[in-house]
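Right, one structure below, let's go through it.
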């Protein structure tokens, strides 16, 4: 039984060994370059960069991203439920009530976000 896993173990050892040897060789043979302002500046298609390379974003963008992920996960959970709903509903009403409670909790969260003004961009 343990013999069946020997090729996998050998592959892991070879992969870790190759990665470690590549790192060691690059440290030993690579030359450390001097840091200059030109090397530290971001590349802007050959033009002199103007302003900051990474501007600051408003917190609202992150709130919108978090809401998107939340409701995207809701859809991920609803797809399998929708696939088995027709087969499972006849003898198991718990399937319907569990999804109804899940969606209602998400809707409560959505209403809470609306009341807090997360989606209001005028402020």
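Residue numbers (my numbering): 16 to 138.
Beta carbons are placed, not taken as given, at the ideal position from N, Cα and C, and that holds for glycine.
These figures come from a predicted structure and were not determined experimentally.
For the alpha helix (DSSP H) containing residue i, list its first residue and its last residue.
{"i": "residue 75", "result": "74-103"}
{"i": "residue 45", "result": "Where residue 45 is concerned, there is no enclosing alpha helix (DSSP H), given that its DSSP letter is neither H nor E."}
{"i": "residue 52", "result": "52-55"}
If you draw a straight line from the C-alpha of residue i to the C-alpha of residue j, how long is it?
{"i": "residue 82", "j": "residue 120", "result": "14 Å"}
{"i": "residue 21", "j": "residue 36", "result": "22 Å"}
{"i": "residue 75", "j": "residue 69", "result": "17 Å"}
Can you tell me whether DSSP reads residue i as helix, strand or coil?
{"i": "residue 132", "result": "coil"}
{"i": "residue 120", "result": "helix"}
{"i": "residue 106", "result": "coil"}
{"i": "residue 27", "result": "helix"}
{"i": "residue 39", "result": "helix"}
So, are the CB atoms of residue i and residue j less than 7 Å apart?
{"i": "residue 78", "j": "residue 133", "result": "yes"}
Open item on the list: Whether or not the region 114-121 and the region 83-94 are in contact is what I'm after, with contact meaning three or more pairs of Cβ atoms, one per stretch, closer than 8 Å; do they touch?
Closed with: Short answer: they touch.
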